[in-house]
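Taking it in order: structure first as C-alpha cells, then the write-up.
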Amino acid sequence: MLVDESRRLTLLDRLREVLGEEEARTLIECLPPVRWEQLATKDDVKASEDRIRTEMNGKFANVDGKFAQVEAGFERVWAEFATVRGELAEHRGELAEHRGEIALQMARQTRTLVFIMSGFMLTIWGTLLGVGLT
Numbered sequence: 016m017l018v019d020e021s022r023r024l025t026l027l028d029r030l031r032e033v034l035g036e037e038e039a040r041t042l043i044e045c046l047p048p049v050r051w052e053q054l055a056t057k058d059d060v061k062a063s064e065d066r067i068r069t070e071m072n073g074k075f076a077n078v079d080g081k082f083a084q085v086e087a088g089f090e091r092v093w094a095e096f097a098t099v100r101g102e103l104a105e106h107r108g109e110l111a112e113h114r115g116e117i118a119l120q121m122a123r124q125t126r127t128l129v130f131i132m133s134g135f136m137l138t139i140w141g142t143l144l145g146v147g148l149t
C-alpha cells in the first residue's frame, strides 16, 4: 500500500496522542517518505557507481584517442613546416647568389659605361680643341 503525505500526517496525529509530540516526530522522521522498495541499497549505489565509472573510462579512452589523433596531426604539420623552412633556406641561398651575380654585372656594366663615356668625352673634347685651334 502506498503511503501518501495525508496518511503520514494522520499517523503523526495519532502518535502524538499516544507517545507525545517529541517521540511522535522522532518516530515519523525514521519512516521513509517513499515505499521501502524505492530506497537504494548500498549494492544499488555500488552498481551505479561501477556503471558510471565504466562509462566514464570509455569516454576518457575515446577522448584520449581523439587527442592522439590531434597530436599526430600536429606532428604532420610540424614536419611540413620543417620542409618549408628547408626550402626557404635553399631559396635564400639562391637569392644571395643572384644578388652577388647582379652586383658583379652592375659593376661591370658601370665600368663599361664609364669607359664609353670617357671615350666620348675625349672625342668631343679633342674635336672641340681641334676646331678651336684652327
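Heads up: take any position in the sequence shown, counting from 1, add 15, and you land on my numbering.
By construction, the Cβ of each residue, glycine as well, lies at the ideal position given by its N, Cα and C atoms.
All values derive from a computational prediction rather than experimental measurement.
Original post:
Nearest chain D C-beta to Glu32 closer than 8 Å, yes or no?
Top reply: Chain labels in this structure do not include chain D; a single protein chain is all it has.
Original post:
Can we say the stretch 27 to 35 touches the stretch 48 to 64, given the rule of at least three CB pairs closer than 8 Å?
Top reply: Segments in contact, no.
Subject >> Simplified DSSP state of Gly35, which is helix, strand or coil >> reply: It is coil, neither helix nor strand.
Original post:
Can the beta-carbon of Arg23 be found closer than 8 Å to that of Ile43?
Top reply: Yes, they are a contact pair.
Original post:
To the nearest angstrom, how far is it from the Cα of Val99 to the Cα of Val92?
Top reply: It is roughly 10 Å from the alpha-carbon of Val99 to the alpha-carbon of Val92.
Original post:
Do the CB positions of Ala39 and Leu27 come within less than 8 Å of each other?
Top reply: With contacts defined as CB atoms closer than 8 Å, Ala39 and Leu27 qualify as a contacting pair.
Subject >> Span separating the alpha-carbon of Arg114 from that of Met121 >> reply: Computed Cα separation, rounded: 10 Å.
**OP:** Could you tell me the distance, in whole angstroms, from the CA atom of Gly147 to the CA atom of Ile117?
**Re:** If I take the Cα positions, the gap works out to 44 Å.
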